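J.:
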Amino acid sequence: MKQKCLIDTTVILRIIFEKDKPLLNKLLSDFSLFVPVNVLEEANFKITIETLRETYNDQAFYQLKSIFEKRELPEVLSKRLHALNYLADLTNILPVTEEDYRLSKTFSLKYRLLSNDALILAVAVRNGMAKLATFDSDFKKVDLIETLDSSY
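According to this note's numbering, the sequence shown holds residues -18 to 133 in order.
Here you go:
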């Protein structure tokens, strides 16, 4: 039986923006993959904003929000969001619970993690994850889960 591995937003963004299929294939062959719903939401947001930023030459966030609401969206955005849905279909999607929320506050203070990172950790711990696939160095200071290093 494969070990459980939770993937975070940084991995999803690398797979989608850099089209890193070898990384995805290696993760799929080595692990049973899980992703919290908040990671998918964060990835959706970052994909949207970064794609608009690329298309409309580094506009400020509020300008991008206005562009998103009023202009025709670039085709590449649809392709990237489709890739996100495809990736989600290859994983086990985990809900975020009230217990996770409460535990994340403890992790945030103990490990000095930003709130969403602490929430990701709480979901991972509650679900017995052996590994966390991430390129976020903030997780290196956490002793509750093994992170896959950037050479993976």
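Where a beta carbon is used, it is the ideal one built from N, C-alpha and C, also for glycine.
The model shown is predicted, which means the values in this text are computed figures rather than measured ones.
Could you give the uninterrupted runs of the alpha helix (DSSP H) lying entirely in the segment 56 to 105, keeping only those of 4 residues or more?
T.: Segments of the alpha helix (DSSP H) lying fully in the segment 56 to 105: 56 to 70, 79 to 92.
J.: Quick check: the Cα distance between residue 113 and residue 29, rounded to an integer number of angstroms?
T.: Within the sequence shown, numbered from 1, the residue matching residue 113 stands at position 132. Within the sequence shown, numbered from 1, the residue matching residue 29 stands at position 48. Their backbone Cα atoms lie some 24 Å apart in a straight line.
J.: Within the continuous beta strand (DSSP E) that includes residue 16, where are the two ends?
T.: To locate residue 16, count along the sequence shown from 1; it is residue 35. Element bounds for residue 16: 12 to 17.
J.: What is the residue span of the alpha helix (DSSP H) that residue -6 lies within?
T.: In the sequence shown, the residue the question calls residue -6 occupies position 13. Where residue -6 is concerned, the enclosing alpha helix (DSSP H) stretches over -10 to -2.
J.: Which same chain residues, not among the five before or five after residue 18, have their C-beta less than 8 Å away from its C-beta?
T.: For this step, residue 18 is matched to residue 37 along the sequence shown. Once the five neighbours on either side are set aside, the close Cβ partners of residue 18 are 74, 75, 76, 77.
J.: Among the candidates 66, 124, 32, whose CA atom is the shortest distance from the CA of residue 56?
T.: On the sequence shown, position 75 is the one that residue 56 refers to. Out of 66, 124, 32, 32 has the C-alpha closest to the C-alpha of residue 56.
J.: Compare the beta carbon distance of residue 14 and residue 5 with 7 Å and say whether it is the shorter of the two.
T.: As a working mapping, residue 14 is identified with position 33 in the sequence shown. As a working mapping, residue 5 is identified with position 24 in the sequence shown. Taking 7 Å as the Cβ cut-off, residue 14 and residue 5 do not qualify as a contacting pair.
J.: Does DSSP put residue 143 in a helix, a strand or coil?
T.: The chain is shown only over -18 to 133; residue 143 falls outside these bounds and no answer can be derived.
J.: To which residues does DSSP link residue 44 through a beta bridge?
T.: As a first step, residue 44 must be located in the sequence shown, where it is residue number 63. In the DSSP output, where bridge partners are listed per residue, residue 44 has none listed.
J.: Who are the Cβ neighbours of residue 91 in its own chain at under 8 Å, not counting the five residues just before and after it?
T.: One-based indexing of the sequence shown puts residue 91 at position 110. Hits under 8 Å: none found.
J.: If you draw a straight line from the C-alpha of residue 109 to the C-alpha of residue 87, how long is it?
T.: Taking the first residue of the sequence shown as 1, we reach residue 109 at position 128. Taking the first residue of the sequence shown as 1, we reach residue 87 at position 106. If I take the Cα positions, the gap works out to 18 Å.
J.: Among all the DSSP beta bridges, which residues are the ones paired with residue 127?
T.: The count along the sequence shown starts at 1 and reaches residue 127 at position 146. Paired residues: 112.
J.: Assuming residue 117 and residue -11 are in contact, meaning their beta carbons sit under 8 Å apart, how far apart are those beta carbons, in whole angstroms?
T.: Here residue 117 refers to the residue found at position 136 of the sequence shown. Here residue -11 refers to the residue found at position 8 of the sequence shown. Right, their Cβ atoms sit about 6 Å apart.
J.: With distance defined between alpha-carbon atoms, name the residue in 102, 72, 71 nearest to residue 83.
T.: Within the sequence shown, the letter at position 102 stands for residue 83. The shortest Cα separation from residue 83 among 102, 72, 71 belongs to 102.
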